[in-house]
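Read the structure below first, then the notes.
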């Protein structure tokens with residue numbers, strides 16, 4: 619991601635953590651992706667894109683059966699001096 623740091627966030631020196639919430643369906647696919655706590659500057663949108671484009675997840679399990687589950691993951695944005 620370091621080559622894809624949002625330009626606006628870089629210009630405004632925005633760093634921090636975006637919390638992304640989503641549902642892992644029974645088949646491991648991701649739905650209902652949204653930033654529940656963002657930092658702006660294009661970081662929220664990039665974090666959502668990263669989660670949407672991730673490979674399938676392992677679904678939650680209840681009594682041995684796959685079930686839908688809601689997850690929240692932190693995605694850290696940190697500027698690196700060049």
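In the numbering used here, the protein residues as written are 619 to 700. Glycine residues also receive a C-beta, built at the ideal position from the N, C-alpha and C atoms.
{"query": "Beta-carbon proximity of residue 649 to residue 641, cut-off 8 angstroms", "result": "yes"}
{"query": "Unbroken alpha helix (DSSP H) run spanning residue 666, endpoints", "result": "661-670"}
{"query": "Distance between beta carbons of residue 686 and residue 643, contact taken as under 8 angstroms", "result": "6 angstroms"}
{"query": "Whole-angstrom distance between residue 630 and residue 667, CA atom to CA atom", "result": "21 angstroms"}
{"query": "heavy atom of the ligand ZN below 7 angstroms from residue 698 C-beta", "result": "Within the structure as shown, the ligand ZN is missing, as the structure has no ligands at all."}
{"query": "Top-ranked residue by Cα proximity to residue 660, from 626, 697, 622 and 698", "result": "626"}
{"query": "Nearest-angstrom Cβ-Cβ length linking residue 665 and residue 690, presumed shorter than 8 angstroms", "result": "Actually they are not in contact, since the Cβ atoms of residue 665 and residue 690 sit about 12 angstroms apart, beyond 8 angstroms."}
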